[in-house]
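In this note's numbering, the protein residues as written are 8 to 387.
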């Protein structure tokens, strides 16, 4: 196959999933191209894959840990223009892919359909209308229009790949809002992780070790500060901070001896394997990576970011970790860390997910699924 992967650049989870798929396709001797923008494009380039610049699409905006839907819509609309769409059409004409996979990048789906190329949507958030609830009149109207648009997308694509554990283990299960008519197009692949647990050599870290990993949004530095203060309260617990590309570790002073800053790393998996617990935001990608490596999670979802809040709620309900607040004091954070490290039940449950992720082998499952679909001509 000749595969073109379009990547949404908001949050590194989309990029990590596509890198996992690209690795799998290339290993099977398929031809792979990436379309990306911003830091996602840079990360794909650093990994060594061929990537084409595509127009930015969705832009997420927030302040002090609070997701701002109005500002996000305004910034997203700035990225919309006919010329940018034509650029995507020219790219598809140039590459002539057999199939397009679009991870959260909607314009790429429309371009592929215009060129009559089979296209599959990769996503974990299917209830976007929740973002527009309890808003003013104009935002409510905008929510209805957006709902109509994404329902059209879900109906018109050749299939929907959900990069999560199948039910009842799905972390994103509260983010489903499908019509029955498209249920037969939904395919749960299992987590799309770049490396299996068995393939990774563990980073040598002092234990117990808490891995704090936060995405590219600078406003999440609040988590860093509070976790740093929690670390000072009990220096028998060690911490590793992997900062997102929007955070400069040098801005933090008086770092205790039990804390190590690594800066940003393109490959966090050796750190996962050497740790006992992950502190992160509520992004689906990092949560799935953590659980696939058998780690409980303390999740700090962005306030008013319904998808992240839903993910964190499932973590707590299933006993895979705890849903945290940006307002949590250092003493509270430390109490939650101790509670998870001292209670074996958390580790038992997440170890089961690690084993399930290995069995499912998400990237290989997607490759096999698409090979069979194209071979049998099961496309619209």
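Just so it is clear, CB atoms sit at the ideal spot from N, CA and C, and this is done for glycine as well.
Give every residue of the same chain whose Cβ lies closer than 7 Å to the Cβ of residue i, excluding the five residues on either side of it in the sequence, and list them in chain order.
i	result
residue 118	92, 95, 96, 99
residue 293	20, 220, 287
residue 155	none
residue 337	233, 236, 237, 240
residue 126	107, 109, 116, 119, 120, 164, 165
residue 205	365
residue 181	317, 320, 321
residue 60	44, 48
Under the rule that 16 or more other beta-carbon atoms within 10 Å means buried, what is residue i, buried or exposed?
i	result
residue 33	exposed
residue 216	buried
residue 315	buried
residue 335	buried
residue 297	buried
residue 389	Since the first residue of the chain shown is 8 and the last is 387, residue 389 is not available in this structure.
residue 282	buried
residue 3	With the chain running from 8 to 387 in the structure shown, residue 3 is simply not present.
residue 191	exposed
residue 332	exposed
residue 152	exposed
residue 299	buried
residue 379	exposed
Please list, in chain order, all residues of the same chain as residue i whose beta carbon is under 8 Å from its beta carbon, the five residues on each side excluded.
i	result
residue 26	50, 51, 54, 56, 201
residue 208	277, 280
residue 374	28, 31, 32, 35, 37
residue 369	27, 170, 196, 197, 198, 199, 200
Tell me where the alpha helix (DSSP H) around residue i begins and ends.
i	result
residue 166	Segment 166-169 is the beta strand (DSSP E) holding residue 166; no alpha helix (DSSP H) there.
residue 286	It is not in any alpha helix (DSSP H) - residue 286 instead sits in the beta strand (DSSP E) that spans 284-287.
residue 234	228-240
residue 92	89-102
residue 273	Unbroken run through residue 273: none, as it is neither H nor E.
residue 338	337-349
For residue i and residue j, I'd like the C-alpha separation in whole angstroms.
i	j	result
residue 234	residue 290	18 Å
residue 133	residue 321	16 Å
residue 21	residue 42	12 Å
residue 330	residue 382	44 Å
residue 362	residue 89	46 Å
residue 223	residue 18	Residue placement at residue 223 cannot be trusted, given a pLDDT of 46 that sits under 50; the coordinates are not used to answer.
residue 317	residue 179	7 Å
residue 348	residue 303	9 Å
residue 319	residue 308	7 Å
residue 161	residue 113	10 Å
residue 371	residue 261	45 Å
residue 121	residue 24	25 Å
residue 138	residue 310	Here residue 138 scores only 49 on pLDDT, less than 50, and its place in the model should not be relied on; the value that follows carries that caveat. Their Cα atoms are separated by approximately 11 Å.
residue 339	residue 268	22 Å
residue 12	residue 128	10 Å
residue 102	residue 264	52 Å
residue 352	residue 325	11 Å
residue 312	residue 305	17 Å
residue 123	residue 194	22 Å
residue 246	residue 62	38 Å
residue 167	residue 130	7 Å
residue 189	residue 350	41 Å
residue 328	residue 376	32 Å
residue 214	residue 14	36 Å
residue 111	residue 16	9 Å
Pull up the DSSP beta-bridge partners for residue i, would you.
i	result
residue 247	218, 267
residue 110	14, 129
residue 156	Looking at the DSSP assignment, residue 156 forms no beta bridge with any residue, so it has no partner.
residue 326	Answer is none; residue 326 lacks a bridge partner.
residue 306	287, 330
residue 193	167
residue 9	38
Taking the continuous beta strand (DSSP E) assigned at residue i, which residues delimit it?
i	result
residue 43	38-43
residue 128	126-129
residue 376	No beta strand (DSSP E) holds residue 376; the alpha helix (DSSP H) holding it covers 369-383.
residue 60	58-60
residue 300	Element bounds for residue 300: n/a, residue is neither H nor E.
Excluding sequence positions up to five away, which residues of its chain have a Cβ less than 6 Å from the Cβ of residue i?
i	result
residue 58	41, 43, 48, 51, 52
residue 301	357, 358, 361
residue 1	Within the shown structure, residues of the chain are numbered from 8 to 387, placing residue 1 beyond reach of any answer.
residue 248	219, 268
residue 177	171
residue 105	8, 9
residue 323	329, 330
residue 1	Because the chain spans 8 through 387 in this model, residue 1 falls outside it and cannot be assessed.
Consider the C-beta atom of residue i and the heavy atoms of the ligand HEM; say whether any pair is separated by less than 7 Å.
i	result
residue 373	You won't find the ligand HEM in this model; it holds no ligand whatsoever.
Compare the C-beta of residue i against all C-beta atoms of chain B and say whether one is closer than 8 Å.
i	result
residue 63	The chain inventory of the structure shown lacks chain B, comprising one protein chain alone.
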